[in-house]
Every structure is written in structure tokens, then in C-alpha cells.
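Written out below as C-alpha cells is the structure these notes cover.
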Amino acid sequence: MSWKRRSAFFAVMLVSLMLILAGCGGSKTASAPKSPADSPASEEKIKVAFVYVGPVGDAGWTTSHDNGRKYLVEKMPNVETTIVENVPEGADAERVITQLAEKGNKIIFTTSYGYMDPTINVAAKYPEVVFMHNSGFKTAKNVGTYFGRIYQARYLSGIVAGKTTKSNTIGYVAAHPIPEVIRGINAFTLGVQSVNPNAKVKVIWTNTWYDPAAEKEAGNTLLAAGADVLAQHQDTPGPMQAAEQQGKFGIGYNTDMSKMAPKAVLTSAIWNWGPYYVKTVEAVKNKTWTNEQYWGGLSDGIVDLAPFGPMVDEGTKSLVAEAKQKILSKKWDVFTGPIKDQTGAVKVAEGQKMTDAEMLSFNWFVAGVDGTIPKN
Amino acid sequence: MSGLEFLIPLLAAAITAGTPILFAALGELITERAGITNLGVEGIMLVGAVAGFMAAVATGSPWLGLLAAMLAGGGMAFIHAILTITLRANQVVSGLSLVIFGTGLSGYLGKNYVGIPVPQSFTPVPLGPLADIPFLGPIFFKHDILVYLSFVLVIILFFYLYRTRPGLNLRALGENPAAVDALGLNVFALKYIYVVIGGMLSGIGGAYLSLAYAPSWLENMTAGRGWIAVALVIFALWNPVRAMLGAYLFGGIDSLGFRLQVVGVGISPFILDMLPYLFTVLVLVFVVARHKGRLTAPGALGLPYDREER
Chain E
48 MSWKRRSAFF
58 AVMLVSLMLI
68 LAGCGGSKTA
78 SAPKSPADSP
88 ASEEKIKVAF
98 VYVGPVGDAG
108 WTTSHDNGRK
118 YLVEKMPNVE
128 TTIVENVPEG
138 ADAERVITQL
148 AEKGNKIIFT
158 TSYGYMDPTI
168 NVAAKYPEVV
178 FMHNSGFKTA
188 KNVGTYFGRI
198 YQARYLSGIV
208 AGKTTKSNTI
218 GYVAAHPIPE
228 VIRGINAFTL
238 GVQSVNPNAK
248 VKVIWTNTWY
258 DPAAEKEAGN
268 TLLAAGADVL
278 AQHQDTPGPM
288 QAAEQQGKFG
298 IGYNTDMSKM
308 APKAVLTSAI
318 WNWGPYYVKT
328 VEAVKNKTWT
338 NEQYWGGLSD
348 GIVDLAPFGP
358 MVDEGTKSLV
368 AEAKQKILSK
378 KWDVFTGPIK
388 DQTGAVKVAE
398 GQKMTDAEML
408 SFNWFVAGVD
418 GTIPKN
Chain Z
5 MSGLEFLIPL
15 LAAAITAGTP
25 ILFAALGELI
35 TERAGITNLG
45 VEGIMLVGAV
55 AGFMAAVATG
65 SPWLGLLAAM
75 LAGGGMAFIH
85 AILTITLRAN
95 QVVSGLSLVI
105 FGTGLSGYLG
115 KNYVGIPVPQ
125 SFTPVPLGPL
135 ADIPFLGPIF
145 FKHDILVYLS
155 FVLVIILFFY
165 LYRTRPGLNL
175 RALGENPAAV
185 DALGLNVFAL
195 KYIYVVIGGM
205 LSGIGGAYLS
215 LAYAPSWLEN
225 MTAGRGWIAV
235 ALVIFALWNP
245 VRAMLGAYLF
255 GGIDSLGFRL
265 QVVGVGISPF
275 ILDMLPYLFT
285 VLVLVFVVAR
295 HKGRLTAPGA
305 LGLPYDREER
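Line by line, the protein sequences give chains E and Z.
Here the first sequence stands for residues 48 to 423, where the numbers follow this note's numbering.
Here the second sequence stands for residues 5 to 314, where the numbers follow this note's numbering.
Here is the structure:
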């Protein structure tokens, strides 16, 4: 081998080594080291993967999913989980999901709306892998969807806000004008108005899911405009910090945000994915899994209210408990008529319930919301 | 709501929102004046933010947090200096890898610091009688101490650059390092010093977010402000006073959008988000047209310096 050819050979080796190393990076396997002694053949490890849109340390959306993952590992020790953080929605996601399927994961949870098409595309190539897409609407033979009726928790938190406000102006820091966020604002406002018909909910769109400083600034703006309670549909506690600093109150979202703003946070509307992850993995293990479109509510515990702050009085707590019972009874739900829109026109007649399809395509505000839905 | 009632809080908010960008932009400005492009500002800010937060939690003192942020930012920039000055690596590539490195490193270091409050943060301190000046007082003199520090820094930097001999040497370093070399000054040492100082300022910019603006640590909490700082240096045409104005303009855009929504004026947030970059392009077009096609960037910006190639 001539010198030139030999160096070319080494260069190729070096590049492939780097590629292999690069391939190893990017995902983390989180489980106890495998040892053949303590895992008998009958208790084969089940490999489960999670694709996250944000960092696990966002104290919001992704943290809530990662808490669910930790719960799963705790309840089912023979599960081995892999996570990939900060995966952009779109083409990159497809590459990451393919890699996870290729690595022998049996169940892959993709935890953001924008992973919908990538999940469907990859699933078609790996029919023996189960894919669960969070918050979307497309299914396939091996793709199910799952989401929670967080609007029920938001309604309950609205009761707390309605009882707490003195200025009758409640601020709501909202991310993007999509049906999911609009539904949350509407449910919250109905909760507020059920105990305080004079209170208004003022909305600001931030056009971001994740920017702590901008979200805090939006909160400050609402407080300056007279709000004394802030609610949020954002993935960081920015608005809660604004309330804390100005001695006002707040309603957190995603996870219990009281640690970040102990004097301000009345309660938080929270996600509790853990039990559902256990249920799904068990169903796959027992071969009872179907490609369902799961949309669970308070009754399944997948959404809930975080513990109340010390400033919430007993009267308010019992009003919340009462409303919760009403929802749990299944005879009544948040979007049961009569419901008026901002112009005062009746959109849902007395006694009528909005269907899931109607709720999933919400594009109007209920009466009591002070804000507009931008049309791009 | 009267005009003043709208304007005063808006401008005050613009200053707060602009301050982290201003620190980072001043850092980048010094770096680029020394002839080095450092695109790693976003990563340096993140490392500064997490280091400052960790130190403030450990010691209870935001000032020690600030010191830690400066050291961490300076350390990040030192890596860039070794790569680009001594090893003469491509500055763009080195800067971009610094962003990726800083994002990962800060996330790793901050794992156990997410969602905990900091014992003491920088809070607003009205500046005595200055705060009582009508109109100007509530806009400029009711902030935290770091904002006042940034005012002073802009003035010092302006005089340093345009009124002192070392400042002249700094400008020459970016225009024509060979001339500085001919003066008998150590080009390499000077470049190292200015790149590291630039990193320290970017670190302060990050710490402003984690210790003053939104006191907490959250992964990726800079949310693109490092990139805005880089665009801002070009917008400012490498002049610290213009950088200050630009920082408040860029920082104030979010606040303006929120306030317009509250008073019921609908304007697409996409257009607002576009504005900083649109302004930068407009300034460039304007400058290029006025200076007959010549941008006023430091002449030797981005070029590695090699004594033997003089």
C-alpha cells in the first residue's frame, strides 16, 4: 500500500469513527445497568423511547412528560427508557424517531403536536413498533394518540381566580392562537364567571411557547393594565414570577409552579402522564393495546389541580370540590350550554354539550374574554 | 389611557428587556473591534446565566453570581481565542460550535437548579433625586443596579474607543493588525484580552436574565437573545452608543406588541418578531448606499492574523 493510499485509508477510518461517535451522542439511555443475573429470560426488558420538544429542565411541558417517564420506570422496573430532548418539529423529528425504532424500542412516545406527520411516516416503516403521538389527531394501525382534558382543570382554576380577584381583571398570558389554547382560555373564563360574573379575562398572545423573559414581560403588561391574578398557557413560569414580584397572584400550568413563586401561585393546572404511560406499556406487554384516540380527563387523573397555596380560603376550596364532583359525575362538562360568545350570541344552547370535534376546533372566545383571536 | 401613560412604562420596559442584549452586544462589539467574530454569544450567555445562578444560589450573593458569570463567559471566550487566534481556525465554525457547546454545557450544569428560586436577585433601586425627574426619571432611573452599570459601561466604552490611545489601538487591531504590530504592540496578547473581555460581558448579559430579569434557571432561557446581540452589533455599525439605542429598540418590540394588544390594537406578532432583523437590513442598505458600497465594519474582521504573511 503506497503512502498516499494508506493515509487515505486512515482518513476514511477516522471519519467513520467520528460518525459512529456522533451517532452515539444525542440520546441518553436512562436505566440501571443491565446485568444478566438479575433479569431472567422471562422478564425481558421492554425498551420504551420518548421524544421531547424541549429540555427536560423546562419546568413545564417537557418536565411533565419526563416526570411521567420516571413514574413509569419506578412502577415497571423491567422497562428501559431512552429520551431525546430538544427535537425540532419536522424533518429532524423523523430522523430521530427512525433512529429510535431502529434501536429496538418497542414503544415510542412522541410528545409534541408537530411530530404528528413524522410519527405517521416512520410508523409505516416499522409495523411491529407501537407509536403513541401526543396531542395530534392522525392514527394508523400501530399509531395511537393521547391527550388530556386540561380544560377541566383550567375551569377549576378559573373558580379560584374568580374568587381571588379584587380588581375583576384577570390576565391570561397565552402562547399561540390555536384551538388547544383558545379552549383553555374559554374553560378558564367560564370557571371565573361561574363564581364572579363581573370579572373579565384579558388575553395577551406572546407568540412563543418558551421564552421566560418575554412571558414575564407579558405578565407585567397585564398587571400594569389592572390585572391582579395571572393565568398562563406557556411552558415557563415567567408570568408567575411577574405576579410574585409585584405582590399579585397567579395560576400555574404544566407542573406545580408554587416553588418558583410561593407567595403568588394559588394553584396550577397540571399534567399527570405517569399512570397513562404505565397503562399503555402494560397493554403492549399483554398484547391488548389498540390504536385508540385517548382524551382523558379529571376522572382518569391525567389532568388535575396542584395543591392550593396557603392564601386560598376554605370557601373557595369547597366551590372547587363541588365543581370537580359535577365534572366527575359525567352528567355535566365545562362546555355545557348555555354558552355565549363575545358578542352575546348563544353558541351552545341550554343543556347541550359541545362535542369533542367542536372543542378540538375552537376558534371563538366565550363572553367574558377581553381579547381577540388574530387572523394571522 | 393618555399617551404618556402608555409611553413611560413602555420605554422603561424596553430598557429592562434591552439590557441583557446590550451587555452581550457590547461584548461582541469589543470582540469584533479586535478583528474577531464570535458567533458563540448565545452559548456564552447561557453558560454565564447558569454559572451566575449556581454561584448566587451557593453563596446567597447576586454579586458573586455576577462574578462567576463573568469568569464563565470569559472562559468560554478563551476557548474561542485559542482556536481562532493561536490555531487560526475558521471563526464562524468555532463560534457556532461554541453555541452548541454552551447550550449543552449549561443544560448539564443546571440540571439540579431548574425550578428553584434564587435567595437574592437584583431588584430595582430608584436612583435618589434622579428618579423624580419628570418623564426621564421613571424611564431611566427606576431600574436595578445592572442597568445603571450598563449606562456607565456604554459611556466608558465610547470614550475608550474614540478618545484614548489604547482605544485607537483597539480599533486599529480590527482594521489593520499589521500596523499595530509595527507599533511594537503584541497583537496576539491584545486580541486575547479583548476576546475574553467580550466573553465576560456576554456572560453578564446571560446573568442579567437569570439573576435580575427572570430570576431562575431554565434551559435555553436566552431564547435567541445572543443572536439578536450579534445582529445588533451590525445594526449599530460597531458604535457603543448606537448599540444602546438598538438594544432598547430590539428589546422594546415585545413590550410594544403586548401593550398594543392590551389597548386593543391588533398587529401580527410575526411582523413584530421580524422587525429587529428588518431594521438591521434597512440600516445596512442605508449605510452601504451612503458610503458608496463600503460597510464600516472593521477591515480585518474575521481574518486570522499571521505575522509571516504580512
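The beta-carbon is built from N, C-alpha and C at its ideal position, and this holds for glycine as well.
These numbers were taken from a predicted model, which means no experiment stands behind them.
Distance, Z/TYR196 Cα to E/PRO309 Cα: Taking the first sequence and counting its residues from 1, the one referred to as residue 309 of chain E is at position 262. Taking the second sequence and counting its residues from 1, the one referred to as residue 196 of chain Z is at position 192. One C-alpha to the other measures close to 45 angstroms.
Those runs of the alpha helix (DSSP H) which lie wholly inside the region 38-108 of chain Z and span at least 4 residues: 45-63, 66-85
C-beta atoms of E/TYR99 and E/THR158 nearer than 9 angstroms: Taking the first residue of the first sequence as 1, we reach residue 99 of chain E at position 52. Taking the first residue of the first sequence as 1, we reach residue 158 of chain E at position 111. A contact, by the Cβ cut-off of 9 angstroms.
Pairwise C-alpha distance: E/ILE93 and E/SER82: Locating residue 82 of chain E in the first sequence gives position 35, where the first residue counts as 1. Locating residue 93 of chain E in the first sequence gives position 46, where the first residue counts as 1. Residue confidence for E/SER82 is low, a pLDDT of 43 falling below 50, so the modelled location carries little weight; the figure read from the coordinates is stated next. If I take the Cα positions, the gap works out to 15 angstroms.
Where E/TRP318 falls, given that 16 or more other Cβ within 10 Å makes a residue buried: What you label residue 318 of chain E is simply residue 271 of the first sequence in a count that begins at 1. Classification of E/TRP318: buried, given that the 10 Å Cβ count is 16 or more.
DSSP state of Z/MET278 mapped onto helix, strand, coil: Numbered from its first residue, the second sequence carries residue 278 of chain Z at position 274. Helix.
Given 8 angstroms, three or more beta-carbon pairs between the region 191-207 of chain E and the region 363-383 of chain E: yes
Cβ contact check for the region 162-172 of chain E and the region 125-140 of chain E: 3 or more pairs under 8 angstroms: yes
Beta carbon of Z/LEU154 nearer than 9 angstroms to that of Z/MET248: Counting from one through the second sequence, the residue named residue 154 of chain Z turns up at place 150. Counting from one through the second sequence, the residue named residue 248 of chain Z turns up at place 244. Note that residue 154 of chain Z is Ser in the sequence shown here, rather than Leu. Contact: yes.
Given 8 angstroms, three or more beta-carbon pairs between the region 9-25 of chain Z and the region 240-256 of chain Z: yes
Selection from Z/VAL156, Z/ASP258, Z/ARG311 that minimises the alpha carbon distance to E/THR268: Indexing the first sequence from 1 puts residue 268 of chain E at position 221. Taking only the C-alpha atoms, the option nearest E/THR268 is Z/ASP258.
Coarse secondary structure for E/GLU127, derived from DSSP in three states: If you number the first sequence from 1, residue 127 of chain E lands on position 80. In the structure shown, E/GLU127 sits in a strand (DSSP, three-state: E or B).
Limits of the alpha helix (DSSP H) - the one that E/HIS280 falls within: Numbered from its first residue, the first sequence carries residue 280 of chain E at position 233. Per DSSP, E/HIS280 belongs to no alpha helix (DSSP H); it is in the beta strand (DSSP E), 276-280.
Interface partners of E/GLN288 on chain Z, CB under 8 angstroms: Translated into positions along the first sequence, residue 288 of chain E becomes position 241. Here the neighbours are ALA218, PRO219, SER220.
contact_flag[the region 203-210 of chain E, the region 173-191 of chain E] where n(CB pairs < 8 angstroms) is 3 or more: no
Counterpart residues of E/ILE155 in DSSP-defined beta bridges: The count along the first sequence starts at 1 and reaches residue 155 of chain E at position 108. In the DSSP output, where bridge partners are listed per residue, E/ILE155 has E/ALA96, E/PHE178.
9 angstroms Cβ cutoff met for Z/ILE19 and Z/PHE144: Indexing the second sequence from 1 puts residue 19 of chain Z at position 15. Indexing the second sequence from 1 puts residue 144 of chain Z at position 140. Yes, the Cβ-Cβ distance between Z/ILE19 and Z/PHE144 is below 9 angstroms.
is_contact[E/ALA140, chain Z] using C-beta, thresh 9 angstroms: Counting from one through the first sequence, the residue named residue 140 of chain E turns up at place 93. Not one chain Z Cβ lies under 9 angstroms of E/ALA140.
Residue interval of the alpha helix (DSSP H) (run including E/ASN168): On the first sequence, residue 168 of chain E is found 121 positions in, with the first residue counted as 1. It spans 163-172 - the alpha helix (DSSP H) in which E/ASN168 sits, taken as one unbroken run.
Z/LEU283: contacting residues in chain E (beta-carbon distance under 8 angstroms): Stepping through the second sequence from its first residue, residue 283 of chain Z is reached at position 279. The sequence given here places Phe at residue 283 of chain Z; Leu does not occur at that position. Here the premise fails: no neighbours, minimum Cβ distance about 18 angstroms.
Same chain, Cβ closer than 8 angstroms to Z/PRO123, neighbours up to 5 away in sequence not counted: Taking the first residue of the second sequence as 1, we reach residue 123 of chain Z at position 119. ALA60, VAL61, GLY64.
CB contact check: E/ILE424 to chain Z, cutoff 9 angstroms: Nothing can be reported for residue 424 of chain E, as the shown portion of chain E is limited to 48 through 423.
Straight-line Cα distance separating E/THR337 from Z/LEU282: Your numbering for residue 282 of chain Z matches position 278 in the second sequence. Your numbering for residue 337 of chain E matches position 290 in the first sequence. Taking the straight line joining both Cα atoms gives about 50 angstroms.
With 16 other Cβ atoms within 10 Å as the buried cut-off, status of E/GLU397: Position 350 of the first sequence, counted from the start, is the residue given in the question as residue 397 of chain E. Counting Cβ neighbours within 10 Å, E/GLU397 comes out exposed, since fewer than 16 surround it.
DSSP beta-bridge partners of E/ASP139: Here residue 139 of chain E corresponds to residue number 92 of the first sequence, with the count starting at 1. Beta-bridge pairing links E/ASP139 to no other residue.
is_contact[E/ASP105, chain Z] using C-beta, thresh 9 angstroms: Taking the first residue of the first sequence as 1, we reach residue 105 of chain E at position 58. Output row for E/ASP105: interface = yes.
C-alpha distance - E/ILE130 paired with E/GLU141, whole-angstrom precision: Here residue 130 of chain E is taken as the residue at index 83 of the first sequence, counted from 1. Here residue 141 of chain E is taken as the residue at index 94 of the first sequence, counted from 1. One C-alpha to the other measures close to 15 angstroms.
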